[in-house]
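Below you'll find the structure, written out as structure tokens, and then a few comments.
Residue numbers (the numbering used here), protein chains in the order written: chain A, 8 to 303; chain B, 13 to 327.
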């Protein structure tokens, strides 16, 4: 940029001040957002760090704030994330493969699928909760507010994330790989399965982790689905009642605190644990991307 | 072989046919399975629409359409029950408007800075930090709004007029959490503006601020509008921040210092109460859900349209 401005001569001083102050104003705006994030993190660490210890992780929820812990919610979250992953990996990847490798984009039904996915990505998460309530928990499937219903609801919610990331990863594999494979006599599916997918796996895996890290913090759909707020046992299967970390945190936030029972540090400790999990998941995603990113 | 090549000539004349000489059933089955997977997303939308419509129609069997859309009193769960949805819509719109007042300037400033001013090294630091804002679960923002932003910041500025649950705090915090939405889509469309436009402006002697604001900004306008519309749609659909920080007390008025209930907050609060299937409370979840879904759908489709338009110009 600097070489260009030299080529056209130095702008006048007043203009340069204007330019500099604009730049400073822009930076200040960025700074405000960064500052808010910083204050948020500091606030949560200072509220919750003292409460976050092994007892907190191994205790169940209790009326007494001092004895409460997050074990049932932690296991509930692990269970529903498992259900979620088992659903979104095959369905998301298959959709991405279909749209990138097979679909003729000029056909109306393929365009419909695309616009539909774009729109689904922006449907409010609570609406997915209503879908889960009406179709999975009650209505046709009548599963009740169990692990399977919660996991599937979140899976439908984050499916567009996996599809979009998967498509990008598949698109990044150069056509020459496919042409080479087909020239050697491989069928279309052999080409996809043996050449395209292996090359796209880092991108797909990153997408899956990002999707799960969105699902793990989602609260609203689980509230509507009817996840329990007070449970003193770990889920033991797909049909078990469950609670999840964000639900437990929400419960602690909404309880009135007093001198005897202060639930606020509990909520902050739960949030800290959630954020640590998120950080770990995102680190894995970034590591995957850097480690296996291929330049063609 | 000949049949295959004529078929190819009909379809894509330039590409050689990749069709196998004989039909491969395995390949066809796999393709069919992939199509089924792709239709899961279509089924999801169908499921959403069906689940919303069924109970909503049944809701309007009990409550008049006029009462619902024109009424200004929302007390569906108490006697005497009243089903005017306008206070919820007003609360949603006010809080979303506050959010946009925060998100538009901050988001666009970040987009202009990242696209036009920042060098690659600074970009590499700032972008992930902004993305982190989008990655923090919204319940965390709700907790922050209730336990820090309202008592420490808003009460510090405006005194004790500010209620514990208030629309202003929720709106401002939602604004911050949609800054990344506005910033990243706007930045994409600004980066997509051809370099030649900037060079032309510089060649005519324009300063950087003029180039950014009068050349790049208008050229990227459709993407910028799309980002704002999508951000607004996200604000309308946001649940946890409002349910925690704005309360669940409907307000037919515009006092941002007082509690307000949004459509999403009502759904969450009512569903949490475990409404029995078929009860009026259960049906209101769906009626309000439909209202919310239709509003966000309209905004999403507008946004998708604007993104399309901008792609057509530069690709």
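Glycine included, each C-beta is placed from N, C-alpha and C at the ideal position.
This one's a predicted model, so the numbers in the text were calculated from it and none came from an experiment.
Check	Outcome
Chain A residues whose Cβ lies nearer than 8 Å to that of residue 72/B	In chain order: nothing, as chain A lies at least about 17 Å away.
Closer than 9 Å to chain B by CB, residue 106/A	yes
9 Å Cβ cutoff, residue 80/B in contact with chain A	no
Residue 237/A, DSSP secondary structure in three states	coil
Which listed residue (145/B, 35/B and 152/B) has its alpha carbon closest to that of residue 6/A	Residue 6/A is absent from the model: chain A starts at 8 and stops at 303.
Residue 267/B at chain A interface by Cβ criterion, 9 Å	no
Any C-beta of chain B under 9 Å from that of residue 34/A	yes
Close Cβ partners of residue 67/B (< 6 Å) along its chain, the five nearest in sequence each way excluded	295 and 298
Counterpart residues of residue 86/B in DSSP-defined beta bridges	95/B
Rounded Cβ spacing between residue 140/A and residue 232/A (contact assumed at less than 8 Å)	6 Å
CB contact flag (residue 300/B, residue 100/B, <9 Å)	yes
Member of 292/A, 108/A, 251/A and 102/A whose CA lies at the smallest distance from the CA of residue 82/A	251/A
Minimum length 3: unbroken beta strand (DSSP E) runs contained in the region 84 to 162 of chain A	none
Listed by chain order, chain A residues near residue 245/B by CB distance under 7 Å	129
Length of the line joining the Cα atoms of residue 112/A and residue 204/B	23 Å
Paired residues, beta bridge with residue 248/A - DSSP	153/A
Beta-carbon proximity of residue 224/B to residue 124/B, cut-off 9 Å	yes
Residue environment, residue 284/B, which counts as buried when at least 16 other CB atoms sit within 10 Å	buried
Cβ-based contacts, 9 Å cut-off: residues of the region 232 to 264 of chain B near chain A	242, 245, 246, 248, 249, 250, 251, 252, 255 and 256
Separation of residue 148/B from residue 241/A, as counted between CA atoms	26 Å
Residue 188/A versus residue 202/A: straight-line alpha-carbon distance, rounded	8 Å
Below-9 Å beta-carbon distance, residue 149/B vs any chain A residue	yes
Neighbour list for residue 39/B in chain A, Cβ cutoff strictly below 7 Å	194, 195 and 196
Three-state secondary structure assigned by DSSP to residue 269/B	coil
Local conformation of residue 178/B per DSSP, three classes	coil
Inter-residue spacing [alpha-carbon to alpha-carbon] between residue 226/A and residue 278/A	12 Å
Other residues of its chain near residue 176/A: CB distance less than 6 Å, five sequence neighbours each side excluded	207, 210 and 211
Residue-chain proximity (residue 154/B, chain A), Cβ-Cβ < 9 Å	yes
Per-residue burial, residue 307/B [other beta carbons within 10 Å of its own, 16 or more giving buried]	buried
Distance, residue 185/B Cα to residue 109/B Cα	12 Å
Boundaries of the alpha helix (DSSP H) in which residue 149/B is found, first to last residue	Premise fails: residue 149/B is in no alpha helix (DSSP H) and is neither H nor E.
For residue 73/A, the three-state DSSP class (helix, strand or coil)	helix
Assumed close pair residue 251/B, residue 220/A - CB separation to whole angstroms, cut-off 8 Å	The Cβ separation is near 18 Å, so there is no contact.
8 Å contact criterion, which residue 279/B and residue 196/A should meet: CB distance rounded	Not a contact, Cβ separation roughly 44 Å.
Residue 274/B versus residue 304/B: straight-line alpha-carbon distance, rounded	10 Å
Rounded C-alpha distance that separates residue 50/A from residue 300/A	36 Å
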